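Novice:
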Amino acid sequence: MATLAGKVALVTGASRGIGAAIARRLAAEGASVAITYARDADAASQVVRDIESAGGKAIAIRADAADAAAVTAAVERAVSAFGKLDVLVNNAGTAIPKPFEEATLEEMDRMIDINLRGVLVATHTALRQMRDGGRIITIGSSVGERMMTPGLAAYAATKGAVKMFTQGLAREVAARGITVNNVQPGPIDTDLNPVAGDWATPQIANTALKRYGHVNDIAAMVAFVAGPEAGFITGASLTVDGGTNA
Ligand code: NDP
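When you line the sequence shown up against my numbering, it's residues 1178 to 1423, in that order.
Below you can see the structure in the form of structure tokens.
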């Protein structure tokens, strides 16, 4: 059964990686899906084509998550394309791994602007458009709760911030039946965190399962939280990390 039939979802940062898997999965569950991307228009178009050729509806919108005006316009464009908004997935994010003492102010600002400010702006605009009973889902990180990987101190700070934003907002919008949740991936094989590489070795060692996860592991959790059976889950951080934080 299509659990999201008739719903409209916006997934930020969905031309590749976890976001693209989420967009495909929500569309497979029956949602019309708007995706945003920053640079790779061809990859975004491919996600749209894949969804359409499977019988779904999708559009791609260029919107840098660090650009508040572009993010606001993207939310409005999704609503004008599909008539409403039921689900926002704040997925766009970036990491610039390096020892904190070597990080530049520009690098710190970049992570804050995309991983935190972009989430606040997209959510703020979406809440004005969202119907009662909607879903706000943010992709945080297992490092937003427990830190074992050197080089991610500033990134972890942004992910800890979205965890607390989720908890605070859940209480504010509950009267509208809107749930707010934070899905926290552990190591997932993407361009941002490829399984082939020196940086992967300590991350694998930190998992209980001794392996990376797949983008579809996160998409499955997001689809569940977006769906009708998750109506009593709000303010939660749902960790999908192969036991990294166990
Ligand atoms: P990728 O780098 O593989 O993909 C990032 C996606 O986001 C691309 O579609 C990219 O679009 C888009 N994007 C990047 N920067 C921006 C921006 N400024 N504005 C809008 N879109 C942007 O990342 P992942 O799929 O690995 O990560 C997705 C989310 O999951 C992030 O929030 C990340 O922090 C989180 N996460 C990932 C983990 C992992 O191990 N992979 C672990 C824990 C959390 P474009 O191609 O146009 O640049």
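Glycine is no exception: its CB is placed at the ideal position from the N, C-alpha and C atoms. A quick note: this is a predicted structure, and the numbers were derived from the prediction, not measured.
Are residue 1360 and residue 1398 touching if we call contact CB-CB under 7 angstroms?
Specialist: Closer than 7 angstroms, so yes.
Novice: Would you tell me roughly how many angstroms separate the C-alpha atoms of residue 1416 and residue 1259, rounded to the nearest one?
Specialist: Residue 1416 and residue 1259: Cα-Cα distance of roughly 31 angstroms.
Novice: What is the DSSP secondary structure of residue 1319, counted as helix, strand or coil?
Specialist: In the structure shown, residue 1319 sits in a helix (DSSP, three-state: H, G or I).
Novice: Any heavy atom of ligand 1 closer than 6 angstroms to the Cβ of residue 1198?
Specialist: Residue 1198 Cβ: outside cutoff for every heavy atom of ligand 1.
Novice: Pick helix, strand or coil for residue 1393, following the three-state DSSP scheme.
Specialist: Three-state result, residue 1393: helix.
Novice: Looking only at its own chain, which residues have a Cβ that is under 8 angstroms from the Cβ of residue 1395, when we skip the five neighbours before and after it?
Specialist: Hits under 8 angstroms: 1195, 1198, 1199, 1316, 1360, 1362, 1365 and 1417.
Novice: Is there contact here, the region 1332-1349 with the region 1370-1383, by at least three beta-carbon pairs under 8 angstroms?
Specialist: The region 1332-1349 vs the region 1370-1383: no contact.
Novice: Using 8 angstroms as the cut-off, can you tell me whether the region 1260-1280 makes contact with the region 1300-1319, which would need three or more C-beta pairs spanning the two stretches below that distance?
Specialist: In short, these stretches touch, since the Cβ pair count reaches three.
Novice: If you follow the alpha helix (DSSP H) that residue 1304 is part of, which residue opens it and which one closes it?
Specialist: First-last of the alpha helix (DSSP H) with residue 1304: 1295-1306.
Novice: Got a sec, what are the start and stop residues for the beta strand (DSSP E) residue 1239 sits in?
Specialist: Run containing residue 1239: 1235-1239, per the beta strand (DSSP E) assignment.
Novice: Cutting at 7 angstroms between CB atoms, please list the residues of its own chain near residue 1221, excluding the five before and the five after it.
Specialist: These residues qualify, in order along the chain: 1192, 1212, 1214 and 1237.
Novice: Beta-carbon within less than 6 angstroms of residue 1209's beta-carbon, same chain only, minus the 5 sequence neighbours each way: which residues are those?
Specialist: Result list for residue 1209: 1185, 1234 and 1259, in chain order.
Novice: Throw me the rounded Cβ distance for the residue 1201 and residue 1241 pair, which I believe falls under 8 angstroms.
Specialist: The pair is not a contact, with the Cβ atoms about 22 angstroms apart (cut-off 8 angstroms).
Novice: Residue 1409: buried (16+ other C-beta within 10 angstroms of its C-beta) or exposed?
Specialist: With fewer than 16 Cβ atoms within 10 Å of its Cβ, residue 1409 is classed as exposed.
Novice: Tell me whether residue 1268 counts as near ligand 1, meaning its Cβ is closer than 6 angstroms to at least one heavy atom of that ligand.
Specialist: It does: the Cβ of residue 1268 is within 6 angstroms (strictly closer) of some heavy atom of ligand 1.
Novice: As a quick exercise: from 1252, 1312, 1331 and 1253, pick the residue whose alpha carbon is nearest that of residue 1271.
Specialist: Ranking the options by Cα distance to residue 1271, first place goes to 1331.
Novice: Ignore the nearest five residues each way along the sequence and tell me which others in residue 1345's own chain have a CB closer than 6 angstroms to its CB.
Specialist: Closer than 6 angstroms at Cβ, skipping near neighbours: no residue.
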